[in-house]
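Take a look at the structure set out below.
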DNA sequence: GGATTACATTGACAGCCGTCAGTTCAATAG
DNA sequence: CTATTGAACTGACGGCTGTCAATGTAATCC
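Residue numbers (our numbering), protein chains in the order written: chain A, -17 to 123; chain B, -17 to 123.
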């Protein structure tokens, strides 16, 4: 049965003890997180990741007819993946006659890449778990 | 999955015309793509991305009870997301008494980060669509 | 014109994902 | 011991995803 935690003081914890120092959370992160998660979602499939990899490595515009035989997938499935990548803003396409050429949009992966790649190793080493202890950083690289 | 190149004159194209130069695809990419896609999948949700962000920024071990109020989600849902991050090998946890502390594992994001971050901004702007161009660099086996 | 080609779209299907209410479990407090 | 607390687990539900066969569409060739 549900417990009435409304009436009690919100943080009981152990008397005089805290689990860790409070975490503040900047609301600005939220929009950014949404955008980056959308990019990550588009890359969250091996086929799409390989597609982006091939397009990046060839650094030009690659025809769909060259992409299809790279996978054991039907043409509509590859087309579907390309569409998802385009909807995510990662790639774009251009038609020339019968053929469609895809390419990776510049800076499309920049935000996620920047977030993943911290510009500096300037993370403080405070251990928020035990405020009394003077430990720091248990994992070396 | 396998890169099975057809030997038959599969490519009709327009007579005497090619859509673009052939794309070779290193098979080694496949495993790597699978691993990186799994990491991307774990980050493909705003909540999980924010969780990782908070854990990274605090650079120590953060108690779950501090993570829960950051989101408008039930405790089981946050726990579920943390489990997915752990299963993906991105975070790990440690119990101390009643509390559980989560932290980002070192190097967990390294592979994806490296792939996203091109080692060099040396992308030429060769256009593979025009057969007249004289590029070479097709990375052989 | 009709036939062919390259690619996109549709519809259907199984499987996974995000969420919550409810429950369970382990550790602590009294 | 019992009561309480922090966190994980279970079951359920709607929605989304990856895949294919079939179809549609636009451009090209005869």
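Every residue, glycine too, gets a C-beta built ideally from N, C-alpha and C.
Computed from a predicted model, the values in this text were never measured in an experiment.
Contact between residue 64 of chain B and residue 84 of chain B holds, with the beta-carbon distance rounding to 6 Å and staying under 8 Å. For residue 0 of chain A, no beta strand (DSSP E) run applies, since DSSP gives it neither H nor E.
Going by beta carbons, residue 67 of chain A and residue 73 of chain A fall inside the 8 Å limit.
Its chain contains 81, 83 as the residues whose beta carbon lies nearer than 6 Å to that of residue 45 of chain A, once the 5 sequence neighbours on both sides are disregarded; these appear in chain order. CA-to-CA, the gap between residue 52 of chain A and residue 89 of chain A works out to about 25 Å.
Taking CB atoms only, residue 73 of chain A has no neighbour in chain B less than 8 Å away. Residues of the stretch 76 to 100 of chain A with a C-beta less than 7 Å from any C-beta of chain B: 78, 81, 83, 91, 94, 95, 98, 99, listed in chain order.
Residue burial annotation: residue 95 of chain A is buried, with at least 16 other C-beta atoms found within 10 angstroms of its C-beta. DSSP, reduced to helix, strand and coil, places residue 36 of chain A within a helical segment of the structure shown. Our two residues, residue 24 of chain B and residue 75 of chain A, have alpha carbons roughly 28 Å apart in a direct line. Listed along chain B, the residues sitting closer than 8 Å to residue 31 of chain A by beta-carbon distance are 15, 18, 19, 22. In this structure residue 92 of chain A is not in contact with residue 71 of chain A, their Cβ atoms being roughly 11 Å apart against a cut-off of 8 Å. Shown here for residue 97 of chain B: same chain residues with a beta carbon closer than 7 Å to its own, the five before and five after excluded, namely 18 in chain order.
Nearest in C-alpha terms to residue 15 of chain A, of all of B/32, B/1, B/37, is B/32. Sequence-distant partners of residue 43 of chain A (beyond 5 residues in either direction) whose C-beta falls short of 8 Å from its own C-beta, in its chain, are 76, 83, 84, 85.
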